[in-house]
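Asks: Structure in structure tokens, see below.
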Amino acid sequence: MIRFEFATAARIVFGAGSVSEVAAAVRELGSRPLLVTGSDSDVLAIAGLEGAILRVAGEPTVGLVRDGVRAAIEEKADVIVAVGGGSAIDAGKAIAGLLRNGPEPLDYLEVIGKGRALANPAAPFIAVPTTAGTGAEVTRNAVLASPEHRVKASLRSPYLLPRLAVVDPELTLALPAAITASTGMDALTQLLEAWVSVRANPMTDGFCREGLPLVARSLRRAFRDGSDLLARTDMSLAALLSGLALANAGLGAVHGFAAPIGGMFDAPHGAICAALLPHATAVNIAALRARDPNGERLRRYEAAARTLTGNAGASADELPDWLNALCGDLGIPALASYGIREAHFADLVSQAARSSSMKGNPIPLTEPELRQILARSL
Ligand SMILES: [Zn+2]
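Residues in the sequence shown are numbered from 387 upward in steps of one, following the numbering used here.
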């Protein structure tokens, strides 16, 4: 019997120029905004946003969020607006949640904290992505790094779903090619992992079916010519669809590894996912052929291979090759470039095996299979 649940941001506005609607939406939700942003001051000006500003340089840490909650309290902020990539959005999301639940991130963080559930709804939170990748504008978790533990952990609650997500592809026109590549590969990874996830449902399937062809036709184009608004629009939509899918279907082995690798090494999340994706896909397909050859998950890989390669007769095995070629065209570095060595495998495998993302993987992988993914991605 089918049973599923689906939850997302209360309101989603998508389209070129839609950032002009943010200021009015902020006024509807509060009178004292805290603006959480990366290096996007120009976007704040374009959007006509004024208020206290919290800068997020790099991926958010527990300390940054703790300081952010303190700043929000001092400023008497009653609405949090995040303008930026996944880092700024996750920081804003965490601050909005903690502002109404007590200020200490470690009380609520998974893995390294107490993992308590948020008892109260978050302060109103608006997410305005300026990259096309994480889909964080429609997810219910915020990934925070703890440099002293050398891990990343999530703050997770249905209360963290943004009140409003405004996705304006024009905001991504100035993204450098390397960020276009890594964030775009994150969106692709999320669409593919949600599509073959054991927790996929008919609604998330629809988002993945819509999203995968957008990446196939537009990621290379956006990488080569950042000013191509049609390609940028496809990628912003693909990223949004990937967020809608992953928040409700879960992910898989790539994201299972991405969290511990991101905690231990200084590497962008999307680039880690990209380096792992062809190899995790190949290992998953081989495991399915060996242990579940007639199952639905292998057929799903085959369908994805046909969609992405554009070849209606493609077999699942053509998918890893296509992904490898895409990584090559986008200049994705291998994992060794971040300092990852075989000596780190045991630790990474044991952390990945216990991660929440791994629970969505289409088939349980053995320890040698998990090591194989890392070895091939070096
Ligand atoms: Zn991701």
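Cβ atoms here follow ideal geometry from the backbone N, Cα and C, with glycine treated the same way.
By how many angstroms is the C-alpha of residue 677 removed from the C-alpha of residue 463?
Replies: 54 Å
Asks: Do residue 620 and residue 601 have their C-beta atoms within less than 9 Å of each other?
Replies: yes
Asks: Near ligand 1, which residues have their beta-carbon less than 7 Å from any of its heavy atoms, given in chain order?
Replies: 520, 572, 575, 576, 641, 644, 655, 656, 659
Asks: Can residue 699 be considered in contact with ligand 3, in the sense that its beta carbon sits closer than 8 Å to one or more heavy atoms?
Replies: For the structure depicted, ligand 3 is absent and the ligand set comprises only ligand 1.
Asks: Just the C-alpha distance for residue 328 and residue 453, rounded to the nearest angstrom, thanks.
Replies: Shown here, the chain extends from 387 to 764; a query on residue 328 therefore has no answer.
Asks: Exposed or buried, what is residue 610 when buried is set at 16 or more other beta-carbons lying within 10 Å of its beta-carbon?
Replies: exposed
Asks: Given 8 Å as the limit, is there contact between the region 590-601 and the region 530-546, that is, 3 or more CB pairs closer than that?
Replies: Contact between the region 590-601 and the region 530-546 is absent, because fewer than three Cβ pairs lie under 8 Å.
Asks: Count the C-beta pairs between the region 725-732 and the region 572-583 that are closer than 8 Å, then say yes if the count reaches three, no if not.
Replies: no
Asks: Could you check what DSSP says for residue 470 in three-state terms: helix, strand or coil?
Replies: strand
Asks: In terms of residues, what are the limits of the alpha helix (DSSP H) holding residue 527?
Replies: DSSP places residue 527 in no alpha helix (DSSP H) but in the uninterrupted beta strand (DSSP E) bounded by 527-532.
Asks: Just to confirm my understanding: we take residue 710, look at its own chain, exclude 5 residues before and 5 after, and list those with CB closer than 7 Å. What are they?
Replies: 664
Asks: Can you name, in chain order, every residue of its own chain whose Cβ lies under 6 Å from the Cβ of residue 654, other than the five neighbours on each side?
Replies: 568
Asks: Can the beta-carbon of residue 766 be found closer than 9 Å to that of residue 528?
Replies: Because the chain in this structure spans residues 387 to 764, residue 766 falls outside the shown range and cannot be described.
Asks: Less than 9 Å between the C-beta atoms of residue 748 and residue 638, yes or no?
Replies: yes
Asks: Could you tell me whether the Cβ atoms of residue 712 and residue 671 are closer together than 9 Å?
Replies: no
Asks: Ignore the nearest five residues each way along the sequence and tell me which others in residue 403's own chain have a CB closer than 8 Å to its CB.
Replies: 554, 556
Asks: Rounded C-beta distance between residue 551 and residue 513? I'm assuming under 8 Å.
Replies: 5 Å
Asks: Mind checking residue 679: buried by the 16 CB within 10 Å criterion, or exposed?
Replies: exposed
Asks: Helix, strand or coil, according to DSSP, for residue 504 in the structure here?
Replies: coil
Asks: Does DSSP put residue 723 in a helix, a strand or coil?
Replies: helix
Asks: Quick check: residue 585 and residue 636, are their CB atoms within less than 9 Å of each other?
Replies: It is a contact, given that the beta carbons lie within the stated cut-off.
Asks: Measure the C-alpha to C-alpha separation of residue 641 and residue 668 and round it to an integer number of angstroms.
Replies: 15 Å
Asks: Keeping to the same chain, check which residues put their C-beta closer than 6 Å to that of residue 392; ignore five residues upstream and five downstream.
Replies: Here residue 392 has 589, 634 as same chain residues with Cβ atoms under 6 Å from its own Cβ, once five neighbours each way along the sequence are excluded.
Asks: Check residue 541 in the structure and name its three-state DSSP category.
Replies: strand
Asks: Kindly indicate which residue of 421, 612, 650 has the alpha-carbon position closest to the one of residue 437.
Replies: 421
Asks: I think residue 645 touches residue 743, with their Cβ atoms under 8 Å apart; what is that distance to the nearest whole Å?
Replies: Confirmed, about 7 Å.
Asks: What are the boundary residues of the beta strand (DSSP E) that residue 515 is part of?
Replies: 511-515
Asks: I need the straight-line Cα distance from residue 745 to residue 751, nearest angstrom please.
Replies: 10 Å
Asks: Pick helix, strand or coil for residue 400, following the three-state DSSP scheme.
Replies: strand
Asks: Nearest by alpha-carbon distance to residue 493: which of 503, 650, 485 is it?
Replies: For the residues 503, 650, 485, the minimum Cα distance to residue 493 belongs to 503.
Asks: Going by beta carbon distance, what residues of the same chain come within less than 8 Å of residue 701, once the five residues before and after it are set aside?
Replies: 688, 691
Asks: Between the beta-carbon of residue 465 and the beta-carbon of residue 417, is there less than 9 Å?
Replies: yes
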